[in-house]
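Protein chains: 2
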Amino acid sequence: MKLALRKQKILAAVIEHYIATGEPIGSKSLQNTEGLDVSSATIRNELADLTVKGFLKQPHTSAGRIPTEYGYRYYVDNLMEPIKLDDRVKRYIENRLLSSSDAPEHIIKTAGAIASELIGTAALSTTPTGDNTRVHRIKFVQTGRHTSMLVLITSSGMVKSRLFRCDFDITPEMLNVFDRALNESLAGQPLSAVNRPFVQTFAASFGELGLLMPDMLTAVMDACKESLGTNVYTSGSTKLLYQNDFDLISARGVLEFLSDSDSRDKLLSGIPEGTTIYIGKENSHVLLRHSAVVATRYEIDNHPAGLMAVIGSTRFDYPKAVAILECIAEYTGSLIDELLSVRQ
Amino acid sequence: MKLALRKQKILAAVIEHYIATGEPIGSKSLQNTEGLDVSSATIRNELADLTVKGFLKQPHTSAGRIPTEYGYRYYVDNLMEPIKLDDRVKRYIENRLLSSSDAPEHIIKTAGAIASELIGTAALSTTPTGDNTRVHRIKFVQTGRHTSMLVLITSSGMVKSRLFRCDFDITPEMLNVFDRALNESLAGQPLSAVNRPFVQTFAASFGELGLLMPDMLTAVMDACKESLGTNVYTSGSTKLLYQNDFDLISARGVLEFLSDSDSRDKLLSGIPEGTTIYIGKENSHVLLRHSAVVATRYEIDNHPAGLMAVIGSTRFDYPKAVAILECIAEYTGSLIDELLSVRQ
DNA sequence: ATTAGCACTCGCACACCTAGAGTGCTAACG
DNA sequence: CGTTAGCACTCTAGGTGTGCGAGTGCTAAT
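Residue numbers (numbering that gives the first Met the number 0), protein chains in the order written: chain F, 0 to 343; chain A, 0 to 343.
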């Protein structure tokens, strides 16, 4: 729907006032809006119209107007102007990321923490998705007479380990043989390829020896499967409880949602590349019906990889959140790229 | 302070009623208490006395009595009877733990989740403390021309990784040399021994080559230092927001506390072996002033290692929490022992 | 199309009231 | 001297009533 210029101006003014203060605004206060030189009665007419069209609503008859979810959507799609981030903020983000320790997981965790801190709401960050990830290397470390640890390193620099036990004594030579054989056939394979058929073929090609170590092969499979899933880090979730435009039920709902890995992962995996905004009922999950999600994917090796996201009430400073998230995502991606020497 | 038998009976009855219902109880309802055959007037006298002595208090004049923190303390120390866990519950715990994947971190995380689920409040579980932990093995995996990953495996089965980069091309032979040298001098060392002096001595003994790799040695040190710290897993923290005897401020405080790793670790590291209960102001941290913590240490290789703890309002089913935590801690310890083959 | 004026609506804050629960005190009892 | 019955008292929760202020929608004039 195309709105007349004056209506757009009024809609933007209502939304920006509401985002800033959390209070409804009425026709009188709107007269002070820059470049809106009409009487309050005119504004009242426009407000009534915007309300009928579904962009605005009144909490109750004698209150001012606040945006509906539809209003926010229109604002996000048509009215909001992308803000340019202050250089100091950019430098702050870069420094914080650089001073986190040199493990990809740490960097990603820190990225989430920065987002939460700067945007002032709960933030999520995920390790890269496994789709483009391959097995980099598998290592064995003996831990006991019958037990050993398997360490899987993926092409995106993630590490997973598994303990397994055998019925017979493990010798270093044996581990060496397995080390060589496994890496020969697995290194470079996509993680998703390491499934039961693959492992069974591998074991078969190994003859009798292969049959001896079902536990080890299960461990390999397990580790690959787990690496295929992403780790999700949550930051600043208590901030939700301080947002006064968020009632306890909704805030609790979001917290509940965040701690339920199934529904959380379902949301996250559905987010496309670039920057995405879900407002209110646009979220498929019931618990997020009163919340907004702003998410963006960072890239590793020029491929969309993991996510940076913030989540809060629908009353959200969308322009700011988008700018900060995109900045963090960019730095995070290039920092990990650098560490993995993907960009030589 | 020694209390007369009848006073003890009344105190226990008040506390147990309050734990069960969350409601204050008055003299009349207390007459129904098993084995208390006196009039309500007599009970009123006793209640007044217990109130003066500080065991009980009234939310307001016309309400019944509820326990004070001091009352809870007396109950926990003198009155509460240890409950024997139902066999089905025990089996449930064991099965849940056995079906978690074979990585110590997973088991510990699951243990926390079970505790939260069965006790119905937030739970914490930690990986073993580093005090008795030694370096088991260090592995190198090349990730790029100038970058490599270091994987540290500790004697308690934990894995830490670090990426590092060098100014020159890394060769497999070089990594092999370092692998051998590092493991020769580090394997079996307590993690705490791997500090800067140690690393410098090591580098010096290596001559020129040692000077070439400051980043690698820093990575080793970092990884050891990080392994010295414990990982803390939180489960069911949203449950705090559903406890109706917990006002929003207190619940939020606890959540805040749980997400602040510094103060959280400070609490956890101060907990002795065995089972410990902190009630209200006994907690050193301000944010826990209205909460209770029940914690117990599990053992690995017969040494007190990590923690299982639950946290909630002071209105707490202490006997149940103690019984369940101790059961979980025991199974967790022996399961990890078994995986690490410490008990052959 | 815009504006001034005005009656109207509604939520909030506050005061007020009542019912019910539980108490402490007093005096009587064994 | 401990125990008990009786009673006046206190306090909270919850319901009702009222005035204020903000903001609206409508109408008639420009």
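Note that the Cβ used here is the ideal one computed from N, Cα and C, for glycine as well.
Can you find a CB in chain F that lies within less than 8 Å of the CB of residue i?
{"i": "residue 180 of chain A", "result": "no"}
{"i": "residue 344 of chain A", "result": "The requested residue 344 of chain A does not occur in the structure, where chain A is confined to residues 0 to 343."}
{"i": "residue 122 of chain A", "result": "no"}
{"i": "residue 79 of chain A", "result": "no"}
{"i": "residue 245 of chain A", "result": "no"}
{"i": "residue 148 of chain A", "result": "yes"}
{"i": "residue 261 of chain A", "result": "no"}
{"i": "residue 296 of chain A", "result": "no"}
{"i": "residue 320 of chain A", "result": "no"}
{"i": "residue 226 of chain A", "result": "no"}
{"i": "residue 125 of chain A", "result": "no"}
{"i": "residue 300 of chain A", "result": "no"}
{"i": "residue 160 of chain A", "result": "yes"}
{"i": "residue 166 of chain A", "result": "no"}
Ignore the nearest five residues each way along the sequence and tell me which others in residue i's own chain have a CB closer than 6 Å to its CB.
{"i": "residue 127 of chain A", "result": "155, 299, 304, 305"}
{"i": "residue 187 of chain A", "result": "133"}
{"i": "residue 234 of chain A", "result": "111, 112, 115, 122"}
{"i": "residue 252 of chain F", "result": "286"}
{"i": "residue 2 of chain A", "result": "none"}
{"i": "residue 39 of chain F", "result": "26, 27, 30"}
{"i": "residue 103 of chain A", "result": "156, 335"}
{"i": "residue 178 of chain A", "result": "139"}
{"i": "residue 153 of chain A", "result": "132, 135, 226"}
Excluding sequence positions up to five away, which residues of its chain have a Cβ less than 7 Å from the Cβ of residue i?
{"i": "residue 118 of chain F", "result": "309, 319, 320, 323"}
{"i": "residue 11 of chain F", "result": "74, 78"}
{"i": "residue 89 of chain A", "result": "326"}
{"i": "residue 330 of chain A", "result": "92, 93, 96"}
{"i": "residue 256 of chain F", "result": "262, 263, 284, 286, 287"}
{"i": "residue 302 of chain F", "result": "131"}
{"i": "residue 313 of chain F", "result": "68, 71, 278, 279, 289, 290, 291"}
{"i": "residue 218 of chain A", "result": "149, 161, 163"}
Flag residue i as yes if its beta-carbon sits less than 8 Å from any beta-carbon of chain A, otherwise no.
{"i": "residue 176 of chain F", "result": "no"}
{"i": "residue 283 of chain F", "result": "no"}
{"i": "residue 254 of chain F", "result": "yes"}
{"i": "residue 292 of chain F", "result": "no"}
{"i": "residue 70 of chain F", "result": "no"}
{"i": "residue 163 of chain F", "result": "yes"}
{"i": "residue 101 of chain F", "result": "yes"}
{"i": "residue 289 of chain F", "result": "no"}
{"i": "residue 221 of chain F", "result": "yes"}
Short of 8 Å in beta carbon distance, which residues of its chain neighbour residue i, apart from the five on each side in sequence? Order them along the chain.
{"i": "residue 334 of chain A", "result": "96, 97, 106"}
{"i": "residue 182 of chain A", "result": "136, 137"}
{"i": "residue 144 of chain F", "result": "168, 169"}
{"i": "residue 108 of chain A", "result": "99, 124, 232, 234"}
{"i": "residue 259 of chain A", "result": "none"}
{"i": "residue 9 of chain F", "result": "29, 32, 35, 42, 45, 46, 49"}
{"i": "residue 337 of chain F", "result": "none"}
{"i": "residue 57 of chain A", "result": "23, 50, 63, 64, 65"}
On a CA-only basis, which of the options is nearest residue i? Give me that one, please.
{"i": "residue 244 of chain A", "options": "A/23, A/172, A/145", "result": "A/23"}
{"i": "residue 149 of chain F", "options": "F/72, F/249, F/69, F/214", "result": "F/214"}
{"i": "residue 60 of chain F", "options": "F/71, F/47, F/54", "result": "F/47"}
{"i": "residue 92 of chain A", "options": "A/111, A/104, A/103, A/81", "result": "A/111"}
{"i": "residue 278 of chain F", "options": "F/67, F/52, F/31", "result": "F/67"}
{"i": "residue 317 of chain A", "options": "A/82, A/54, A/62, A/165", "result": "A/82"}
{"i": "residue 20 of chain A", "options": "A/132, A/242, A/249", "result": "A/242"}
{"i": "residue 264 of chain F", "options": "F/287, F/231, F/167", "result": "F/231"}
{"i": "residue 0 of chain F", "options": "F/53, F/124, F/307, F/251", "result": "F/53"}
{"i": "residue 5 of chain F", "options": "F/16, F/41, F/72, F/18", "result": "F/41"}
{"i": "residue 328 of chain F", "options": "F/336, F/297, F/312", "result": "F/297"}
{"i": "residue 236 of chain F", "options": "F/201, F/124, F/55", "result": "F/124"}
{"i": "residue 129 of chain F", "options": "F/159, F/109, F/84, F/120", "result": "F/159"}
{"i": "residue 212 of chain A", "options": "A/55, A/176, A/33", "result": "A/176"}
Assuming residue i and residue j are in contact, meaning their beta carbons sit under 8 Å apart, how far apart are those beta carbons, in whole angstroms?
{"i": "residue 151 of chain A", "j": "residue 191 of chain A", "result": "Contact doesn't hold; Cβ gap of about 14 Å is too wide."}
{"i": "residue 184 of chain A", "j": "residue 163 of chain A", "result": "That belief does not hold up - the Cβ atoms of residue 184 of chain A and residue 163 of chain A are roughly 18 Å apart, past 8 Å."}
{"i": "residue 13 of chain F", "j": "residue 64 of chain F", "result": "6 Å"}
{"i": "residue 247 of chain A", "j": "residue 247 of chain F", "result": "6 Å"}
* Any 3 or more C-beta pairs closer than 8 Å across the stretch 10 to 28 of chain F and the stretch 40 to 57 of chain F -> Taking 8 Å as the limit for Cβ pairs, the verdict is that the stretch 40 to 57 of chain F does touch the stretch 10 to 28 of chain F.
* Counting Cβ pairs, one atom from each stretch, are 3 or more of them under 8 Å apart for the stretch 168 to 175 of chain F and the stretch 221 to 231 of chain F? -> Not touching, per the Cβ criterion.
* How do the stretch 278 to 294 of chain F and the stretch 266 to 278 of chain A stand: do at least 3 beta-carbon pairs fall below 8 Å, yes or no? -> Here the stretch 278 to 294 of chain F makes no contact with the stretch 266 to 278 of chain A; the two share fewer than three CB pairs at distances below 8 Å.
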